[in-house]
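Heads up, the thing below is written out as structure tokens.
Structure, rendered in structure tokens:
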């Protein structure tokens, strides 16, 4: 994906997951009494920005998970962790992890492009205001009280 200026989106700035926080998995996992489905905490590469959180909690993400066969899975955020609910390590290995990674990348790219677009709009408005003020100064300078 590219920005409006045809520069590639910087992958270092994109939100991603660095891995599963194994120490926060259910303590009885892998035993006869262990749950089949549980919440898997994954660690973000950085703190999510407000717009990324809005997009992550949007209806499009839920619909996409449902359409991919993960209708019971929810993605929740707790500080720098993504809590992937109603799943297990096997589902994540079988494809859910790739889907979540794709969703995060797309959300992060969208938020970045929106931020760039807003900055460009603000620059354009600032330039318009600068031209307006210069025109006023120029017009005022043409007035002589002789």
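Residue numbers (the working numbering): 7 to 152.
Yeah, the Cβ is synthetic: ideal placement off N, Cα and C, and Gly gets one too.
Q. Out of 91, 82 and 62, which has the shortest C-alpha to C-alpha gap to residue 117?
A. Here residue 117 refers to the residue found at position 111 when the chain shown is read from its first residue. Closest option to residue 117, Cα to Cα, is 62.
Q: Would you kindly work out how many angstroms separate the C-alpha atoms of residue 67 and residue 98, rounded to a whole number?
A: Translated into positions along the chain shown, residue 67 becomes position 61. Translated into positions along the chain shown, residue 98 becomes position 92. C-alpha separation (whole angstroms): 16 angstroms.
Q | Proximity winner among 102, 150 and 89, relative to residue 32 (alpha-carbon distances) | A | As a first step, residue 32 is located in the chain shown; it is residue number 26 there, counting from the start. Of the candidates 102, 150 and 89, the one whose C-alpha sits nearest the C-alpha of residue 32 is 89.
Q.
For the alpha helix (DSSP H) containing residue 68, name the first residue and the last one.
A. If you number the chain shown from 1, residue 68 lands on position 62. It spans 65-73 - the alpha helix (DSSP H) in which residue 68 sits, taken as one unbroken run.
(Q) Can you list, in chain order, the residues of its chain with a C-beta nearer than 7 angstroms to that of residue 71? Leave out the 5 residues immediately preceding and following it. (A) On the chain shown, residue 71 is found 65 positions in, with the first residue counted as 1. Excluding sequence neighbours, residue 71 sits near 77 and 79.
**Q.** C-alpha gap between residue 124 and residue 131, whole angstroms
**A.** Counted from its first residue, the chain shown places residue 124 at position 118. Counted from its first residue, the chain shown places residue 131 at position 125. If I take the Cα positions, the gap works out to 10 angstroms.
Q | Boundaries of the beta strand (DSSP E) in which residue 56 is found, first to last residue | A | By 1-based counting over the chain shown, the position of residue 56 is 50. Premise fails: residue 56 lies in the alpha helix (DSSP H), 56-62, not in any beta strand (DSSP E).
Q.
Excluding the 5 residues flanking residue 57 on each side, which residues of the same chain have their C-beta closer than 7 angstroms to its C-beta?
A. Taking the chain shown and counting its residues from 1, one reaches residue 57 at position 51. 117 and 120.
Q | Start-to-end residues for the beta strand (DSSP E) that takes in residue 44 | A | Indexing the chain shown from 1 puts residue 44 at position 38. Taken as a continuous stretch (DSSP letters only), the beta strand (DSSP E) holding residue 44 covers 44-50.
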